[in-house]
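Participant:
Numbering (the numbering used here), first residue to last: 74 to 144.
1. To the nearest angstrom, how far is it from the Cα of residue 112 to the Cα of residue 120?
2. Thinking just about the alpha-carbon of each residue, which of 78, 83, 76 is nearest to the one in residue 117?
3. Would you call residue 95 buried or exposed, if buried means 16 or more other Cβ atoms sit within 10 Å of its Cβ?
4. What did DSSP end up calling residue 104 once you bin it into helix, strand or coil?
5. Do you know whose CA, among 98, 90, 74, lies nearest residue 132's CA?
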């Protein structure tokens, strides 16, 4: 199971170019479940996958995979 709780990510925090990508995003995906992530350009699809994979650090929130904290 993949479980995301209260994920928050902002780029350029505190600047005029501040962009809040996620504000308390929560998601649960059960083992064997199939989901699709859709959205327009700049919606945060790639950022979400990069945060889940560990390529980008979130500002706060937790990500658990099979009960292990991977955030």
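We put the beta carbon where it would ideally sit given N, CA and C, even for glycine.
Facilitator: In this structure, then:
1. As a first step, residue 112 is located in the chain shown; it is residue number 39 there, counting from the start. As a first step, residue 120 is located in the chain shown; it is residue number 47 there, counting from the start. About 12 angstroms.
2. Working through the chain shown from its first residue, we reach residue 117 at position 44. Among 78, 83, 76, the Cα nearest to that of residue 117 belongs to 83.
3. Counting from 1 along the chain shown, the entry for residue 95 is found at position 22. By the neighbour-count rule (16 or more Cβ atoms within 10 Å), residue 95 is buried.
4. Numbered from its first residue, the chain shown carries residue 104 at position 31. The DSSP-derived three-state label of residue 104 is coil.
5. Residue mapping note: residue 132 aligns to position 59 of the chain shown, counting from 1. Minimum Cα distance to residue 132 is reached at 98.
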